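Data first, discussion second: the structure below is written as structure tokens.
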Amino acid sequence: MKRFGIDRSPAVAIWLFACAALVFAMVVVGGITRLSGSGLSITEWKPLIGALPPMNAADWSEAFARYKAIPQYSQVNAGMSLGEFQDIFWWEWTHRLLGRLVGVAFALPFLVFLGLKMVPRRLIWRCGVLLGLGGLQGLIGWWMVSSGLAERVDVAPERLAIHLGLALLIFIGLIWTGLEALFGEEVTRPPVGWSRAAALLLGAVFVQCLLGALVAGAKAGFVYTDWPLMNGALLAPVDWSRGSLAFLHDQALVQFDHRLWAYALLIAGTAYAIQTWLERQAEGLGAAAYTVAGALWLQALLGIATLITGVPLWLGALHQAGAVLVLLAATVNLWMVRRSRARVFTSGWRPRGR
Numbered sequence: 021m022k023r024f025g026i027d028r029s030p031a032v033a034i035w036l037f038a039c040a041a042l043v044f045a046m047v048v049v050g051g052i053t054r055l056s057g058s059g060l061s062i063t064e065w066k067p068l069i070g071a072l073p074p075m076n077a078a079d080w081s082e083a084f085a086r087y088k089a090i091p092q093y094s095q096v097n098a099g100m101s102l103g104e105f106q107d108i109f110w111w112e113w114t115h116r117l118l119g120r121l122v123g124v125a126f127a128l129p130f131l132v133f134l135g136l137k138m139v140p141r142r143l144i145w146r147c148g149v150l151l152g153l154g155g156l157q158g159l160i161g162w163w164m165v166s167s168g169l170a171e172r173v174d175v176a177p178e179r180l181a182i183h184l185g186l187a188l189l190i191f192i193g194l195i196w197t198g199l200e201a202l203f204g205e206e207v208t209r210p211p212v213g214w215s216r217a218a219a220l221l222l223g224a225v226f227v228q229c230l231l232g233a234l235v236a237g238a239k240a241g242f243v244y245t246d247w248p249l250m251n252g253a254l255l256a257p258v259d260w261s262r263g264s265l266a267f268l269h270d271q272a273l274v275q276f277d278h279r280l281w282a283y284a285l286l287i288a289g290t291a292y293a294i295q296t297w298l299e300r301q302a303e304g305l306g307a308a309a310y311t312v313a314g315a316l317w318l319q320a321l322l323g324i325a326t327l328i329t330g331v332p333l334w335l336g337a338l339h340q341a342g343a344v345l346v347l348l349a350a351t352v353n354l355w356m357v358r359r360s361r362a363r364v365f366t367s368g369w370r371p372r373g374r
């Protein structure tokens, strides 16, 4: 182990974890923004001056007039009052403000830590990549919003999935890099079999999050609210006239895919946890594996409850928050596996057969 302060930095780890918490909050607020139909309430992208909300009656009137010019107002919210517009405006403004806050909370301390030479050398490039991805996320957010300003009354589902997917990749990167900064570099060889299984599990959780984004984008959660069937059938009728776009836009198909992948993920996560219990060589990974499996089951039950109750705002937001927490558990699990069966969290235990 290298000297403390060169290979490890608790201060840097705390900073990265704090940024991850802000990303978590941003994802949850983003879910509320979507569920409340607020995402198109701000029709301009002004990265700097847009941080300020309307300051007087004239500003509010101008913002409302711009909203009235897009299809969502005329086709969905015609007759909306200024007060009702303000209700949806504040959710989108808060979402964008959190995005700006994440950028500042990451960039400024990063420069300070670099100046003080507190960032472990091997992590500098990772932090630089995360900073670049954060900037790209702002561009993708506007690219997503712009898809709903001309011909649609909502954003394109595939753009929503890309926007959420990048946020989750940043979240994973922050957690992983924070753990590296906290515990230092591991030089021992990770268990290949367990490492692959844990990586596949994390990848499957990530895919499920993207499928959930397609469900949200297509508003598929508001239809076929029975379970385990869909209007009495295993798969509700699919409009295949859209061709391959049906996998992105068709309400029946995206919800079916989300359900089917959830079943497969539950089986895989449960099997993974059982295997760690059966294999004594993996006993150091048990807690992480059980946490992932338990989180998957809780999230599945929460998803069913959200569906059959018609996706109330609070349950929908809780379900989205749960997805990020499952992703967190799967990320920590993989990191622990790659740290040679999580010996960093166990004292005195050594795997047999090494």
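Using the numbering used here, the first residue of the sequence shown is number 21, and each one after it goes up by one. We put the beta carbon where it would ideally sit given N, CA and C, even for glycine. Here the structure is a predicted model, which is why all the values come from computation and not from measurement.
Outcome for residue i when other beta-carbon atoms lying within 10 angstroms are tallied against a minimum of 16
i, result
"ILE69", "exposed"
"ILE328", "exposed"
"PRO248", "exposed"
"GLY289", "buried"
"TRP75", "What sits at residue 75 in the sequence shown is Met, not Trp. Counting Cβ neighbours within 10 Å, MET75 comes out exposed, since fewer than 16 surround it."
"ALA313", "buried"
"ALA141", "Here residue 141 turns out to be Arg, not Ala, going by the sequence shown. Looking at its Cβ environment, which holds fewer than 16 other Cβ atoms inside 10 Å, ARG141 is exposed."
"VAL225", "buried"
Own chain residues within Cβ distance below 7 Å of residue i, not counting five before or after
i, result
"LEU42", "LEU118, LEU121, VAL122, ALA125"
"ALA256", "TYR244, MET250, ALA272"
Same chain, Cβ closer than 6 Å to residue i, neighbours up to 5 away in sequence not counted
i, result
"ALA218", "ASN353, LEU354, VAL357"
"ASP270", "VAL258, ASP259"
"TYR93", "TYR87"
Under 8 Å between C-beta atoms of residue i and residue j
i, j, result
"VAL48", "ALA337", "yes"
"ARG54", "ALA236", "yes"
"PRO30", "LEU194", "no"
"ALA33", "GLY198", "yes"
"LEU188", "LEU153", "no"
"GLY158", "PRO91", "no"
"PRO73", "TRP111", "no"
"LEU316", "VAL346", "yes"
"GLU178", "LEU268", "yes"
"LEU230", "ALA181", "yes"
Where residue i falls: helix, strand or coil (DSSP)
i, result
"ALA41", "helix"
"ALA253", "strand"
"THR329", "coil"
"LEU156", "helix"
"TYR310", "helix"
"PRO248", "coil"
"ALA224", "helix"
"ALA362", "Residue confidence for ALA362 is low, a pLDDT of 45 falling below 50, so the modelled location carries little weight; the figure read from the coordinates is stated next. Correct three-state label for ALA362: coil."
"GLY99", "coil"
"THR63", "coil"
"ILE90", "coil"
Nearest neighbour of residue i, chosen from the options [CA to CA]
i, options, result
"ARG359", "GLU206, ILE324, ALA240", "GLU206"
"ALA98", "TYR87, THR311, ASP107", "TYR87"
"LYS239", "TRP145, ASP27, ALA176", "ALA176"
"LEU280", "VAL258, ALA291, LEU254", "LEU254"
"TRP196", "TRP65, GLY161, LEU150", "LEU150"
"LEU64", "MET164, ALA293, PRO129", "It is Glu, not Leu, that sits at residue 64 in the sequence shown. Nearest C-alpha to GLU64: MET164."
"ALA89", "ASP107, GLU104, ILE62, ILE108", "ILE62"
"LEU156", "ARG142, LEU136, HIS183", "HIS183"
"GLY51", "ILE160, SER94, HIS339", "HIS339"
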